[in-house]
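Comments concern the structure below.
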Amino acid sequence: MRRGAAGTVFAAIPINGGFDACIQDVYLYAEAEKPKQLWDATRGMEATPCVREVWLMANPTGFSAEAPPALKAGQRYRVELMGNGFTASKVFTA
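Numbering (this note's numbering), first residue to last: 1 to 94.
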């Protein structure tokens with residue numbers, strides 16, 4: 001995860017190499033006693049190039065998703081990235 005003027009980006013970077021870390025699904029949850037899923041995006045499997053990073057709150061090219069909701073400042077969230085052979089998650093505060 002890195003933040004900049006353009007927003008927050010999450011990247012899938014393999015630790016040991018050996019496979020192509022292509023993101024296939026992105027999920028966003030509000031972190032709470034009962035986590036609530038707020039957004040999900042799924043990569044179309046037809047000729048869509050490998051996606052290795054996702055800008056938070058923007059539908060990635062080649063993914064199908066509803067428009068993402070606005071984040072609330074100070075709220076804790078969890079993002080999950082999934083792909084062939086990996087799952088990664090990160091908790092952050094907006």
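Quick reminder that beta carbons are idealized off the backbone N, C-alpha and C, glycines included.
Practice item. From the DSSP output, in three-state form, read off R52 for me. Key: R52 falls in the coil class under three-state DSSP.
Review point. Going along the chain, which residues of its own chain have a beta-carbon closer than 8 Å to the beta-carbon of P60, five neighbours each way excluded?
Key: I23, V26, A41, R43, V51, V54
Review point. With distances taken between CB atoms, is the gap from T87 to R76 smaller than 8 Å?
Key: Not a contact, by the Cβ cut-off of 8 Å.
Exercise for review: Look at the Cβ atom of L38, then the Cβ atom of A30, and state whether they are nearer than 8 Å.
Suggested key: yes
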